[in-house]
Ligand SMILES: Cc1ncc(COP(=O)(O)O)c(C=O)c1O
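Numbering (my numbering), first residue to last: 40 to 466.
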């Protein structure tokens, strides 16, 4: 099937289906197996030296997961994808595929709290320096790049601030310095709202736990290779692989070299593979991705307008509003110029904010986004709790800030729920 000719709504259902499956099943089978039989020793030897494609062990690949990976690669227009067990492991595998002790990566200041911790603590312990830019402008990134910079890392829309960096400008900067540009596109909803490959990204990571799964039923992460980076001379990819008898991945796998490396080194050594059942849930979630996101984006605007006009909010931060600092970038890089998440700073203090959250009856208080249930999160006491006060300010998190991720309910019921919670909170 020529995926390039099909639209997103079609690909999310058809890509990865095996029409030659002798069972003629409409659904994709779940393969609950850890290992695979080798018909001959020669065949097995070919698998192990990477000259023969096929299944060895589910830590490396699984037929259900392969179908899911094919669908994701088609949706993003990438050369290949790798499914892993969480968004955090996608980031860890992608970054450590490129950077080693003594190297550095340059990252956006607007990052998910978990990513910030991984960068500041775990990568640092591994000897990888993470240089956080002062602002998300290309100039701030440029000032930090040197000869040991192995990647530039941004979120297409920062969690929770919804800051959208100048993807095009940063992509050009990365290309100028011949440094791979990694974009965490979790808020880009599996490529439906934003596809960073159109703006110079070379590698995409995405927490599939969110919009891809869409129902809060499984953890997952994906890495997608844009197949658009020239790895010539980049030691991590264009060099003899010690684990594979000196095989050069760039020369052997061309535009899939990076994703092959993530699989054969990253998954092999770090072991963060998805379960086949979870891959099935992701495939099921993907079938309705664009429909869900269209509903959520509409509801987000409606709730944002309600919050702006209801008198209970100090600020309403929604990229669809002209006063949002990232409005222009969102309009350029995100479909509908919008997101399915908004932030509100309530009037009152941290205590009334907590009372409000605890009074909600429909919206759930969780650390989650992209779910079919509307979620309200209080970052200062949850996702960003580990950050110092200075880092909190840097990340734009204040005591009464709430992050809201719209679900699939009728938004008028969510508005009524907010109304009764405002009364109970004394706001
Ligand atoms: C932007 C972003 N990246 C990465 C992650 C981590 O993903 P996971 O929770 O699937 O490990 C999250 C989680 O919320 C996120 O919002």
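Where is the CB? At the ideal position from N, CA and C, for every residue including glycine.
{"query": "Residues passing the C-beta test against ligand 1 heavy atoms, cut-off 6 Å", "result": "125, 126, 127, 151, 153, 154, 194, 198, 223, 225, 246, 248, 258 and 260"}
{"query": "Distance CB(residue 218)-CB(residue 240) smaller than 8 Å", "result": "no"}
{"query": "Residue 166 to residue 311 span [Cα, whole Å]", "result": "21 Å"}
{"query": "Separation of residue 358 from residue 201, as counted between CA atoms", "result": "7 Å"}
{"query": "Cβ-based burial, residue 321 [other Cβ within 10 Å; buried from 16]", "result": "buried"}
{"query": "Cutoff 7 Å; reference residue 153; Cβ partners in own chain excluding five residues on either side", "result": "127"}
{"query": "Sequence ranges, alpha helix (DSSP H) only - wholly within the stretch 52–113, length at least 4", "result": "80–87"}
{"query": "Cβ pair residue 260, residue 247 closer than 8 Å", "result": "yes"}
{"query": "Counted within 10 angstroms of its Cβ, other Cβ atoms place residue 194 as buried (16 or more) or exposed", "result": "buried"}
{"query": "At least 3 beta-carbon pairs within less than 8 Å: the stretch 100–116 vs the stretch 43–60", "result": "yes"}
{"query": "Beta-carbon proximity check, residue 251 vs residue 328, cutoff 8 Å", "result": "yes"}
{"query": "CB contact flag (residue 442, residue 416, <8 Å)", "result": "yes"}
{"query": "For residue 263, the first and last residue of its enclosing beta strand (DSSP E)", "result": "260–264"}
{"query": "Alpha carbon of residue 68 to alpha carbon of residue 289, nearest angstrom", "result": "33 Å"}
{"query": "At least 3 beta-carbon pairs within less than 8 Å: the stretch 363–382 vs the stretch 330–342", "result": "yes"}
{"query": "Residue 290 in three-state terms, based on DSSP", "result": "helix"}
{"query": "Where residue 41 falls: helix, strand or coil (DSSP)", "result": "coil"}
{"query": "N-terminal and C-terminal residue of the beta strand (DSSP E) that residue 184 is part of", "result": "Per DSSP, residue 184 belongs to no beta strand (DSSP E) and is neither H nor E."}
{"query": "Simplified DSSP assignment, three categories, for residue 363", "result": "coil"}
{"query": "Selection from 105, 78, 63 and 49 that minimises the alpha carbon distance to residue 302", "result": "105"}
{"query": "Three-state secondary structure assigned by DSSP to residue 385", "result": "strand"}
{"query": "Sheet register partners of residue 354 (DSSP bridge)", "result": "384"}
{"query": "Which listed residue (254, 349, 348 and 344) has its alpha carbon closest to that of residue 319", "result": "254"}
{"query": "Beta-carbon proximity list for residue 352, same chain, < 7 Å, skipping 5 on both sides", "result": "346, 383, 384, 385 and 386"}
{"query": "Cβ pair residue 317, residue 295 closer than 8 Å", "result": "no"}
{"query": "Sub-8 Å separation of residue 222 and residue 232 beta-carbons", "result": "no"}
{"query": "Same chain only: Cβ atoms within 6 Å of residue 171, ignoring 5 sequence neighbours per side", "result": "146 and 148"}
{"query": "Touching by the beta-carbon criterion (3+ pairs, under 8 Å), the stretch 396–412 and the stretch 448–463", "result": "yes"}
{"query": "Residue 196 classed as buried or exposed, judged by whether at least 16 other C-beta atoms fall within 10 angstroms", "result": "buried"}
{"query": "Distance, residue 226 Cα to residue 362 Cα", "result": "20 Å"}
{"query": "Test item: CB-CB of residue 450 and residue 341 under 8 Å", "result": "yes"}
{"query": "Beta-carbon proximity check, residue 138 vs residue 130, cutoff 8 Å", "result": "no"}
{"query": "Whole beta strand (DSSP E) elements within the stretch 132–181, 3-residue minimum", "result": "143–146 and 168–171"}
{"query": "Span separating the alpha-carbon of residue 468 from that of residue 337", "result": "Any property of residue 468 remains undetermined from this structure, which presents the chain solely from 40 to 466."}
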